[in-house]
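I have placed the structure first, in the form of structure tokens, so that the comments after it can refer back to it.
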Amino acid sequence: MEHVVGMTAIAVAILIGFSALGTAIGFALLGGRFLEGAARQPEMVPMLQTKMFIVAGLLDAVPMIGVGIALFLMFANPFLGQVAG
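Residue numbers (our numbering): 1 to 85.
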């Protein structure tokens with residue numbers, strides 16, 4: 001039982017950590033490309049900014065889904081039922 005709980009805690013830490021790392025890299029690439037596009041064509045900044053915010057919102061959804069799955073695994077662990085039975 002303790003082994004399953006320990007492995008679940010490690011899986012949750014990896015899930016949240018990698019999703020945060022991936023989102024940080026995604027935001028860095030998104031911001032860099034936005035600045036490149038704004039520097040090349042300043043007249044397109046409003047359109048690019050709108051698209052950047054839409055993509056940033058979608059990019060932010062990924063770690064939120066990961067946190068939801070992690071909370072499910074921590075507080076309603078489906079693997080504990082398999083061990084107890």
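Here a beta-carbon is modelled for each residue, glycine too, at the ideal position from N, C-alpha and C.
Taking E2 as part of the alpha helix (DSSP H), name the residues at either end of that continuous run.
-> Numbered from 1 along the sequence shown, position 2 holds the residue referred to as residue 2. Its alpha helix (DSSP H) spans residues E2 to R40.
Supposed contact pair V4 and L80 - C-beta distance, whole angstroms, cut 8 angstroms | Locating residue 80 in the sequence shown gives position 80, counting from the first residue. Locating residue 4 in the sequence shown gives position 4, counting from the first residue. Their Cβ separation, rounded to whole angstroms, is 6 angstroms, which keeps L80 and V4 in contact under 8 angstroms.
Buried or exposed: which applies to A70, given that a residue is buried once 16 or more other Cβ atoms fall within 10 Å of its Cβ?
-> Indexing the sequence shown from 1 puts residue 70 at position 70. Buried, because 16 or more other Cβ atoms sit within 10 Å of the Cβ of A70.
Stretch-stretch touch, CB-based, cutoff 8 angstroms, three pairs: the segment 34-47 with the segment 60-70 = Cβ pair count under 8 angstroms is below three, so no.
Using the Cα positions of P78 and F72, report the straight-line distance between them to the nearest angstrom.
-> Residue 78 sits at position 78 when you count from the first residue of the sequence shown. Residue 72 sits at position 72 when you count from the first residue of the sequence shown. P78 and F72: Cα-Cα distance of roughly 9 angstroms.
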